[in-house]
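Residue numbers (UniProt numbering): 1 to 206.
The C-beta atom is built at its ideal place from N, Cα and C for all residues, glycine as well.
Okay, so here's the structure we're looking at.
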């Protein structure tokens, strides 16, 4: 008997043609079960379906978020913090935006590539925005707070009497440990972990 976990998938894709193709493709993957497809172009309406259906994984067209370039997707839509989100790409996608997803697939990927990428993202369990900072050293937490407050590498180096190279090294470690690559994402991480205030966060997101 196959006891492999079955992941429930919600597809948020404004193109009915692409949505139909993805549904047909995923029907061949026994470890994924499509819950529904939302083809509205309004991200708020589409994301409302998440609370109703309770998916394990949400497959989202990044083009739904053209106006959120300076606001992290999970900050704009907190319900996304509870699920694994995978970008469904069929055009060029801003790197900062793509970094906020737990994974990505492209419509030009082969079926086996898509299956592998979805499995990998699902098994990671939405680790892009972790809510624990215990892995960070005290100095890394200090630098994370400074970054979230909008400080530059030079300003941070001067603040703690260390070299810019050391600051960059700490920032790389912070990104590796948290899985977050963007300043906006780190700002939200710091806010959710009570490292900074909402006022500080608003400065960091400017």
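DSSP three-state assignment for residue i, whether helix, strand or coil
i: residue 158; result: helix
i: residue 173; result: helix
i: residue 36; result: strand
i: residue 189; result: helix
i: residue 105; result: strand
i: residue 58; result: strand
i: residue 93; result: coil
i: residue 16; result: helix
i: residue 151; result: coil
i: residue 216; result: Any answer about residue 216 is impossible in this case: the structure gives the chain only from 1 up to 206.
i: residue 100; result: coil
i: residue 184; result: helix
i: residue 212; result: Nothing can be reported for residue 212: it is not among the residues displayed for the chain, which extend from 1 to 206.
i: residue 196; result: coil
i: residue 163; result: coil
i: residue 112; result: helix
i: residue 179; result: coil
The alpha helix (DSSP H) enclosing residue i, as first and last residue numbers
i: residue 145; result: 138-148
i: residue 49; result: 43-53
i: residue 27; result: Taken as a continuous stretch (DSSP letters only), residue 27 belongs to no alpha helix (DSSP H), as it is neither H nor E.
Span of the beta strand (DSSP E), counted from its first residue to its last, around residue i
i: residue 84; result: 84-89
CB-CB length for residue i against residue j, believed under 8 Å
i: residue 118; j: residue 62; result: Contact doesn't hold; Cβ gap of about 16 Å is too wide.
i: residue 122; j: residue 56; result: 6 Å
i: residue 144; j: residue 186; result: 6 Å
i: residue 65; j: residue 30; result: Between residue 30 and residue 65 the Cβ distance is about 31 Å, and since that is not below 8 Å, they are no contact.
6 Å Cβ shell around residue i - same chain, five flanking residues per side excluded
i: residue 107; result: 90
i: residue 146; result: 156
i: residue 16; result: 39
i: residue 99; result: 181 and 182
Sequence-distant residues of its chain with Cβ nearer than 7 Å to residue i (five each side left out)
i: residue 50; result: 10, 58, 79 and 83
i: residue 87; result: 60, 62, 93, 98, 101 and 104
Neighbourhood of residue i by C-beta distance below 8 Å, restricted to the same chain and skipping five residues each side
i: residue 163; result: 157
i: residue 111; result: 25 and 28
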